[in-house]
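K.L.:
Under my numbering, residues 79 to 192 are what the sequence shown spells out, in order.
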Amino acid sequence: ELPPEHRFWPAHQVLASTMVLTLKARLSQLRSEIPQAILLMEESIRQHLPIPYMEPEHWYLPLKQCLGKLLLDDKQYTKAIRVYLEDLVDHPLNAWSYLGLAQAYRRRDGNRSA
Numbered sequence: 079e080l081p082p083e084h085r086f087w088p089a090h091q092v093l094a095s096t097m098v099l100t101l102k103a104r105l106s107q108l109r110s111e112i113p114q115a116i117l118l119m120e121e122s123i124r125q126h127l128p129i130p131y132m133e134p135e136h137w138y139l140p141l142k143q144c145l146g147k148l149l150l151d152d153k154q155y156t157k158a159i160r161v162y163l164e165d166l167v168d169h170p171l172n173a174w175s176y177l178g179l180a181q182a183y184r185r186r187d188g189n190r191s192a
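(1) Helix, strand or coil: which one does DSSP assign to Glu121?
(2) Determine the closest residue to Asp152 out of His90, Glu121, Asn189 and Ala182, with distance taken between C-alpha atoms.
(3) Looking only at C-alpha atoms, which of Glu164, Ile159, Ser175 and Ala173 sits nearest to Arg185?
(4) How should Asp187 be labelled, buried or exposed, when 16 other C-beta atoms within 10 angstroms of its C-beta is the threshold for buried?
(5) Buried or exposed: Gln154, going by 16 or more other Cβ atoms within 10 Å of its Cβ?
(6) Do Gln107 and Leu148 have their C-beta atoms closer together than 9 angstroms?
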């Protein structure tokens with residue numbers, strides 16, 4: 079049973095799950111298990127989606143930006159482009175996602191599109 083202050087929105091449970099999945103993804107990445115890291119980061123993003131946006135954010139680690147980097151490492155450039163574009167809708171001033179987007183276009187298309 080949740081305490082009364084958490085009964086309408088169990089943010090602590092969602093954030094804890096997001097943190098654990100993100101940590102597991104990062105550990106998989108460090109072990110060069112990129113496909114597993116991608117799956118874990120995608121699940122972390124799904125877990126995090128119900129959290130409403132607010133300033134400051136509840137969990138600031140830029141999950142889609144992190145997923146985009148994993149996709150770049152796995153040479154999934156088109157999917158990385160989609161993820162970076164999605165992140166820029168939510169965080170239009172995220173310079174790291176702009177950099178990742180440019181890298182994804184450059185790697186996918188060669189130097190002609192970035």
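Glycine is no exception: its CB is placed at the ideal position from the N, C-alpha and C atoms. Predicted, not measured: the structure shown is a model, and the values here were computed from it.
P.N.:
In short, the structure shows the following:
(1) helix
(2) Ala182
(3) Ile159
(4) So Asp187 counts as exposed.
(5) buried
(6) yes
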